[in-house]
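Working notes, structure below.
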Amino acid sequence: MNAVIFLLPIALVLGGVFALLFLRAVKKGQFDDLDDPPRRMLQEKD
Amino acid sequence: MMATSPGCAHCGAALESREERFCCTGCEMAYAIIQGAGLGRYYEEREACAPRPGVTPSGWMAVPTTHCPGGAEEVRLQVDGLRCASCVWVIEQVLERTPGVEQVMISYATGRASIRWDPRRIDLTALAGRIAALGYRPRALGEESAPDRDLMLRLGVAAFCAMNLMLLYASLYTGWFNVMDPRFSALFRWLSLLLATPVALWCAEPFFVGAIAGLRRRVLHMDLPIALGVAILYVHGAIATFTGHEGYLDSLGMLVALLLAGRMLESRGRRRAVEAAMSLAATAPRTARRQAGTALQTVNAADLRAGDLIDVGHGEEFAADGVITEGAGQVRMALLTGEAEPVAVVPGDRVVAGSILLDGALTVQVEAVGSETMLSRMAAQLEQAADRGMRPTAADRIAPWFTGATLVIATLTCVGWWLTRGMDVAITRTVAVLVVACPCALALSQPLAAAAGLGAAARRGLLFRSADALLDLGDVDLVAFDKTGTVTAGTMTVLEAEDGALRIAAGLERYSMHPIARAIVEEAINRDIALPRGEDVREEVSIGVRGRVDGVQWQLGTGGPGSLLLRDGTGREHRIRLGDAIRPDAAGTVQQLEAQGLSVALVTGDHVEVAERIAVAAGIETVVARCGPEQKARWIAEQQRMGHRVLFAGDGLNDGPALAAADVGIAMGSGAASSVLVADGVIARPSLAPILAARRAARACAQIIRSNQRRSLTYNVVAVSAAAAGFVNPLVAALLMPLSSGLVIWGALRVERLVKKGDA
Numbered sequence: 003m004n005a006v007i008f009l010l011p012i013a014l015v016l017g018g019v020f021a022l023l024f025l026r027a028v029k030k031g032q033f034d035d036l037d038d039p040p041r042r043m044l045q046e047k048d
Numbered sequence: 063m064m065a066t067s068p069g070c071a072h073c074g075a076a077l078e079s080r081e082e083r084f085c086c087t088g089c090e091m092a093y094a095i096i097q098g099a100g101l102g103r104y105y106e107e108r109e110a111c112a113p114r115p116g117v118t119p120s121g122w123m124a125v126p127t128t129h130c131p132g133g134a135e136e137v138r139l140q141v142d143g144l145r146c147a148s149c150v151w152v153i154e155q156v157l158e159r160t161p162g163v164e165q166v167m168i169s170y171a172t173g174r175a176s177i178r179w180d181p182r183r184i185d186l187t188a189l190a191g192r193i194a195a196l197g198y199r200p201r202a203l204g205e206e207s208a209p210d211r212d213l214m215l216r217l218g219v220a221a222f223c224a225m226n227l228m229l230l231y232a233s234l235y236t237g238w239f240n241v242m243d244p245r246f247s248a249l250f251r252w253l254s255l256l257l258a259t260p261v262a263l264w265c266a267e268p269f270f271v272g273a274i275a276g277l278r279r280r281v282l283h284m285d286l287p288i289a290l291g292v293a294i295l296y297v298h299g300a301i302a303t304f305t306g307h308e309g310y311l312d313s314l315g316m317l318v319a320l321l322l323a324g325r326m327l328e329s330r331g332r333r334r335a336v337e338a339a340m341s342l343a344a345t346a347p348r349t350a351r352r353q354a355g356t357a358l359q360t361v362n363a364a365d366l367r368a369g370d371l372i373d374v375g376h377g378e379e380f381a382a383d384g385v386i387t388e389g390a391g392q393v394r395m396a397l398l399t400g401e402a403e404p405v406a407v408v409p410g411d412r413v414v415a416g417s418i419l420l421d422g423a424l425t426v427q428v429e430a431v432g433s434e435t436m437l438s439r440m441a442a443q444l445e446q447a448a449d450r451g452m453r454p455t456a457a458d459r460i461a462p463w464f465t466g467a468t469l470v471i472a473t474l475t476c477v478g479w480w481l482t483r484g485m486d487v488a489i490t491r492t493v494a495v496l497v498v499a500c501p502c503a504l505a506l507s508q509p510l511a512a513a514a515g516l517g518a519a520a521r522r523g524l525l526f527r528s529a530d531a532l533l534d535l536g537d538v539d540l541v542a543f544d545k546t547g548t549v550t551a552g553t554m555t556v557l558e559a560e561d562g563a564l565r566i567a568a569g570l571e572r573y574s575m576h577p578i579a580r581a582i583v584e585e586a587i588n589r590d591i592a593l594p595r596g597e598d599v600r601e602e603v604s605i606g607v608r609g610r611v612d613g614v615q616w617q618l619g620t621g622g623p624g625s626l627l628l629r630d631g632t633g634r635e636h637r638i639r640l641g642d643a644i645r646p647d648a649a650g651t652v653q654q655l656e657a658q659g660l661s662v663a664l665v666t667g668d669h670v671e672v673a674e675r676i677a678v679a680a681g682i683e684t685v686v687a688r689c690g691p692e693q694k695a696r697w698i699a700e701q702q703r704m705g706h707r708v709l710f711a712g713d714g715l716n717d718g719p720a721l722a723a724a725d726v727g728i729a730m731g732s733g734a735a736s737s738v739l740v741a742d743g744v745i746a747r748p749s750l751a752p753i754l755a756a757r758r759a760a761r762a763c764a765q766i767i768r769s770n771q772r773r774s775l776t777y778n779v780v781a782v783s784a785a786a787a788g789f790v791n792p793l794v795a796a797l798l799m800p801l802s803s804g805l806v807i808w809g810a811l812r813v814e815r816l817v818k819k820g821d822a
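Listed in order, the protein sequences are those of chains Z and X. The numbering of the first sequence is the numbering used here, which starts it at 3 and goes up by one. The numbering of the second sequence is the numbering used here, which starts it at 63 and goes up by one.
Put into structure tokens, the structure is as follows:
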């Protein structure tokens, strides 16, 4: 059980890293347009 | 692709013989550009034929651009004519292969293009020309607001914290039954407080800001009870952590995350509608040909000065207000007067910017340019008139009662328990009352249903600026239509012509960009007539077109009002009747509106006879003819005084006052840009039927909002009574709150289904 004392903060820190990555993605504009990229994906780029 | 004949290799139009591959040189050029860039795959993968190339634009030097580091320039354009995803692909590829272009991104959903290029190697006019040469129409966009990233950030953080809070609290709750090591419960509580802090202090900030702004204006806004709830949840949670108890911190996280998600959905729905309306209002930049000595120079409309002499050729738009000094012709002023019928002008007559010279050639002495023109002044007046300010939503109207009732019940609970059971019990139960009274579901009920309603209407062709206007549409009982461009298509179409005559006329007119010529060619293509090639075609002002078709000399000229006469040398004559045709679905729409118990009226500036004829064709009984812009607005105000709720649909700048005066003003997307800007909603298709669909969306939306409000109020009454009686602890609150919000969300999902039921 004592492992929880360490694991829980570690899990939260890991989660926090992902939350920060999300913030960065929003700031870089990745969520500005949610309609086009799904369509664009279906097109071949040469 | 085209079932009837192989057709033009680019646009699919019918061809006169099997040897030919293209209907016109424009299509041939577009084909050459695409093949030349090695993009032939386009023709295999596209789902719809390409549009026919139009006039190459000019005047793009006046479009505002952004300077990027490294000397590049960037511009945002609206591209019209996109028919399938392949269109986007081919434009992007062609531009990317153009030397000097650095990056191109076009959104198929909105038609927005963003292009970055090196101004030392190519200019914007050339780029716009490339797009136009392919058959698409680039237009300049006005300033745009940046997308709302702030809300997304807050939502992301709130969701992250809420989910972790839920995890920690689930352990704490199970610890109640299965006694937990106090070290763990302390750790869990402190971690929870750590997670709840950013939620309460940062994510929930918009609610505090809204509540304080409301208090300053002495309004009890819906944000106030929410802010109150969040504050109490957090303060109580913090105190509980210090004293070693559970607070309601998990409810806090979920509450804020849900409310932010509701806001996000609403703002995205509204933004999409406003953006789409703005695209319809985007305009091509204007240029003029100014006389400089004996030469002509092409300049931006903005650079013209009063006193300049400009030449205007047929098919061109006047770039400024002025007086005709030379020449004669026919001018279409539909934008200003709403009348499709062209007006004959001679030297001395005044013309205004925005009208189009249909026929002839003129020299005009400029009197007013830019914001001084009649067009701009009228548009500015309209925008002022249309600024109605924010209307309170239904939830905002309930908010004061709600807040008042909550505070009264909380006080009673506090006093009651204090007197009977003492201070501690009183505080616990009062907090429970304030917590469950937090109107999360009530606050969600409106934005979710509204976003669903706006989306349902938009998918069916009617874009609304706000949910309020959409809801008003459901209460309308009188529908007034403008005639030209609304009930009718607003463009010249062939009303009557024999196939043989049409074929010859189309042969003569196939190279002309004149609106009448386009109408004839289009009708011939619609009737699947292969276009013959006219030879020695000459256009002569005020006579018409002469030329040879199949070896016979023909002349196509005016044959009195609303008709053309096709003659050969031997006295054979054919009449082609032209006019503004009624929209194919107008009669059906009117009939259905009447079947729903609405009155329908035709309000127009035109003569009584013309108006009557159109009204009969559309099945409209009430006709109000010879109405100027102000009279239309006055007529609407009169009807409103008589207790009617009026919808007005129009398209011209002259309809602006009426659009602003009506309870709901709907503009045609094809109409004047300024009418699009002042209207509550815009029809994005050449059709009236979207009004019916939007009405269904409005009613479904109103119905769902009502039932959602009933549900959330019921929940609040039950939960508050339970809390006052002492049955609510953090666990019960954590179960109740998502239950009520879930019901409301489920309700909003039904909007689209309700509307769809009516589609068939």
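Virtual Cβ for every residue (Gly too), placed ideally from N, Cα, C.
**Request:** Determine whether the Cβ of residue 25 (chain Z) lies closer than 8 Å to any Cβ atom of chain X.
**Result:** The residue labelled residue 25 (chain Z) in the question sits at position 23 within the first sequence. It does: the Cβ of residue 25 (chain Z) has a partner Cβ on chain X nearer than 8 Å.
**Message:** Looking at chain Z, is there any beta carbon in it that lies within less than 8 Å of the beta carbon of residue 231 (chain X)?
**Reply:** Residue mapping note: residue 231 (chain X) aligns to position 169 of the second sequence, counting from 1. No, its Cβ sits nowhere closer than 8 Å to a Cβ of chain Z.
**Request:** Assuming residue 178 (chain X) and residue 223 (chain X) form a contact by the criterion Cβ under 8 Å, report the distance between their Cβ atoms to the nearest whole angstrom.
**Result:** Locating residue 178 (chain X) in the second sequence gives position 116, counting from the first residue. Locating residue 223 (chain X) in the second sequence gives position 161, counting from the first residue. Contact flag wrong, Cβ pair sits at about 38 Å.
**Message:** Just to confirm the assignment, what range does the alpha helix (DSSP H) spanning residue 184 (chain X) have?
**Reply:** What you label residue 184 (chain X) is simply residue 122 of the second sequence in a count that begins at 1. Segment: none, residue 184 (chain X) is in no alpha helix (DSSP H) and carries neither H nor E.
**Message:** For a cutoff of 8 Å on Cβ pairs, would you count residue 211 (chain X) as touching chain Z?
**Reply:** Locating residue 211 (chain X) in the second sequence gives position 149, where the first residue counts as 1. Yes, because at least one Cβ of chain Z sits closer than 8 Å to the Cβ of residue 211 (chain X).
**Item:** Alpha carbon of residue 491 (chain X) to alpha carbon of residue 651 (chain X), nearest angstrom
**Value:** Here residue 491 (chain X) refers to the residue found at position 429 of the second sequence. Here residue 651 (chain X) refers to the residue found at position 589 of the second sequence. So the alpha carbons of these two residues sit roughly 58 Å apart.
**Item:** Residue from X:287, X:100, X:727, X:670 with nearest C-alpha to residue 533 (chain X)
**Value:** Numbered from 1 along the second sequence, position 471 holds the residue referred to as residue 533 (chain X). Measuring from the Cα of residue 533 (chain X), the nearest candidate turns out to be X:727.
**Message:** Is the separation between the beta-carbon of residue 670 (chain X) and that of residue 687 (chain X) shorter than 8 Å?
**Reply:** Here residue 670 (chain X) refers to the residue found at position 608 when the second sequence is read from its first residue. Here residue 687 (chain X) refers to the residue found at position 625 when the second sequence is read from its first residue. It is a contact, given that the beta carbons lie within the stated cut-off.
**Prompt:** So with Cβ pairs under 8 Å, would you call residue 147 (chain X) a contact of chain Z?
**Reply:** For the purposes of this step, residue 147 (chain X) is identified with residue 85 of the second sequence, where counting begins at 1. Interface residue, yes.
**Prompt:** Using a C-beta to C-beta distance shorter than 8 Å, which residues of chain Z count as neighbours of residue 176 (chain X)?
**Reply:** Here residue 176 (chain X) refers to the residue found at position 114 when the second sequence is read from its first residue. Near residue 176 (chain X) there are no residues of chain Z at all, since even the closest Cβ is about 11 Å away, more than 8 Å.
**Prompt:** How about residue 63 (chain X): is its C-beta nearer than 8 Å to some C-beta of chain Z?
**Reply:** In the second sequence, the residue the question calls residue 63 (chain X) occupies position 1. The pLDDT assigned to residue 63 (chain X) is 37, lower than 50, so where the model puts this residue is not dependable; a value taken from the coordinates is nonetheless given after this. Not flagged as an interface residue toward chain Z: residue 63 (chain X), since no C-beta distance is shorter than 8 Å.
**Message:** For residue 77 (chain X) and residue 617 (chain X), I'd like the C-alpha separation in whole angstroms.
**Reply:** Taking the first residue of the second sequence as position 1, residue 77 (chain X) is located at position 15. Taking the first residue of the second sequence as position 1, residue 617 (chain X) is located at position 555. Across the structure, residue 77 (chain X) and residue 617 (chain X) are spaced so that their CA atoms are roughly 23 Å apart.
**Prompt:** Out of curiosity, what's the CA-to-CA distance linking residue 18 (chain Z) and residue 203 (chain X)?
**Reply:** By 1-based counting over the first sequence, the position of residue 18 (chain Z) is 16. By 1-based counting over the second sequence, the position of residue 203 (chain X) is 141. Rounded to the nearest whole angstrom, the CA to CA distance from residue 18 (chain Z) to residue 203 (chain X) is 40 Å.
**Request:** Output the boundary residues of the alpha helix (DSSP H) element that contains residue 11 (chain Z).
**Result:** Walking along the first sequence from the start, residue 11 (chain Z) turns up at place 9. 4-29 is the extent of the alpha helix (DSSP H) around residue 11 (chain Z).
**Message:** Using C-beta distances below 6 Å, list every residue in its chain close to residue 199 (chain X), excluding the 5 sequence neighbours before and after it, in chain order.
**Reply:** For the purposes of this step, residue 199 (chain X) is taken as residue 137 along the second sequence, with counting starting at 1. 142, 143.
**Message:** Using only CA atoms, which one of X:159, X:109, X:86 lies nearest to residue 101 (chain X)?
**Reply:** Locating residue 101 (chain X) in the second sequence gives position 39, where the first residue counts as 1. Closest by alpha carbon: X:159.
**Prompt:** Shortest alpha-carbon distance to residue 139 (chain X) belongs to which of X:675, X:733, X:181, X:173?
**Reply:** Indexing the second sequence from 1 puts residue 139 (chain X) at position 77. Residue 139 (chain X) has its Cα closest to that of X:173, out of X:675, X:733, X:181, X:173.
**Asked** Quick one, are the C-beta atoms of residue 813 (chain X) and residue 381 (chain X) less than 8 Å apart?
**Response** As a first step, residue 813 (chain X) must be located in the second sequence, where it is residue number 751. As a first step, residue 381 (chain X) must be located in the second sequence, where it is residue number 319. No. Outside cutoff.
**Alpha carbon of residue 26 (chain Z) to alpha carbon of residue 36 (chain Z), nearest angstrom** = If you number the first sequence from 1, residue 26 (chain Z) lands on position 24. If you number the first sequence from 1, residue 36 (chain Z) lands on position 34. Looking at the backbone, the Cα of residue 26 (chain Z) and that of residue 36 (chain Z) are separated by about 16 Å.
**Item:** Within chain C, the residues that residue 28 (chain Z) reaches when beta carbons sit closer than 8 Å
**Value:** No chain C is present in this structure, whose protein chains are Z and X.
**Message:** Judging by CA-CA distance, which residue of X:539, X:610, X:555, X:467 is the nearest neighbour of residue 658 (chain X)?
**Reply:** Position 596 of the second sequence, counted from the first residue, corresponds to residue 658 (chain X). Among X:539, X:610, X:555, X:467, the Cα nearest to that of residue 658 (chain X) belongs to X:539.
**Item:** Spatially closest choice to residue 216 (chain X) from X:307, X:361, X:135, X:316, by CA coordinates
**Value:** In the second sequence, residue 216 (chain X) corresponds to position 154, counting from 1. That would be X:316, whose Cα lies nearest to the Cα of residue 216 (chain X).
**Request:** Starting from residue 588 (chain X), trace the alpha helix (DSSP H) both ways and give me its first and last residue.
**Result:** Here the question's residue 588 (chain X) lines up with position 526 in the second sequence. Looking at the DSSP string, the run of the alpha helix (DSSP H) that includes residue 588 (chain X) is 577-588.
**Message:** Less than 6 Å between C-beta atoms, sequence neighbours within five positions excluded: which residues of the same chain meet that for residue 600 (chain X)?
**Reply:** Translated into positions along the second sequence, residue 600 (chain X) becomes position 538. Here residue 600 (chain X) has 608 as same chain residues with Cβ atoms under 6 Å from its own Cβ, once five neighbours each way along the sequence are excluded.
**Message:** Considering only their Cβ atoms, is the gap separating residue 197 (chain X) from residue 92 (chain X) smaller than 8 Å?
**Reply:** Residue 92 (chain X) sits at position 30 when you count from the first residue of the second sequence. Residue 197 (chain X) sits at position 135 when you count from the first residue of the second sequence. Yes, the pair counts as a contact, with Cβ atoms nearer than the cut-off.
**Message:** Considering only the alpha carbon of each residue, which of X:710, X:391, X:229, X:684 lies closest to residue 691 (chain X)?
**Reply:** By one-based count along the second sequence, residue 691 (chain X) stands at place 629. Of the listed residues, the one whose Cα sits closest to residue 691 (chain X) is X:710.
**Request:** Could you tell me whether any Cβ in chain X is nearer than 8 Å to the Cβ of residue 17 (chain Z)?
**Result:** In the first sequence, counting from the first residue as 1, residue 17 (chain Z) sits at position 15. Yes - at least one Cβ of chain X is within 8 Å of the one on residue 17 (chain Z).
**Asked** What does DSSP give as the partner residues of residue 179 (chain X) in its beta bridges?
**Response** Taking the first residue of the second sequence as position 1, residue 179 (chain X) is located at position 117. Partner(s): X:135, X:163.
**Message:** Excluding the 5 residues flanking residue 64 (chain X) on each side, which residues of the same chain have their C-beta closer than 6 Å to its C-beta?
**Reply:** Numbered from 1 along the second sequence, position 2 holds the residue referred to as residue 64 (chain X). Only weak support exists for where residue 64 (chain X) lies, its pLDDT of 38 falling under 50; the coordinates are left without a value.
**Asked** Does the beta-carbon of residue 452 (chain X) have 16 or more other beta-carbons within 10 angstroms, so that it is buried, or is it exposed?
**Response** What you label residue 452 (chain X) is simply residue 390 of the second sequence in a count that begins at 1. Its pLDDT being 46, under 50, residue 452 (chain X) is placed unreliably in this model, and the value from its coordinates should be taken loosely. It is exposed - the Cβ of residue 452 (chain X) has fewer than 16 other Cβ atoms within 10 Å.
**Per-residue burial, residue 109 (chain X) [other beta carbons within 10 Å of its own, 16 or more giving buried]** = Locating residue 109 (chain X) in the second sequence gives position 47, where the first residue counts as 1. With fewer than 16 Cβ atoms within 10 Å of its Cβ, residue 109 (chain X) is classed as exposed.
**Item:** Closest by C-alpha distance to residue 375 (chain X), when choosing among X:355, X:385, X:333, X:426
**Value:** In the second sequence, residue 375 (chain X) corresponds to position 313, counting from 1. Nearest of X:355, X:385, X:333, X:426 to residue 375 (chain X), Cα basis: X:426.
**Request:** Quick one: using the 10 Å Cβ neighbour count with 16 as the cut-off for buried, is residue 450 (chain X) buried or exposed?
**Result:** Position 388 of the second sequence, counted from the first residue, corresponds to residue 450 (chain X). The pLDDT assigned to residue 450 (chain X) is 46, lower than 50, so where the model puts this residue is not dependable, and the model offers no usable value.
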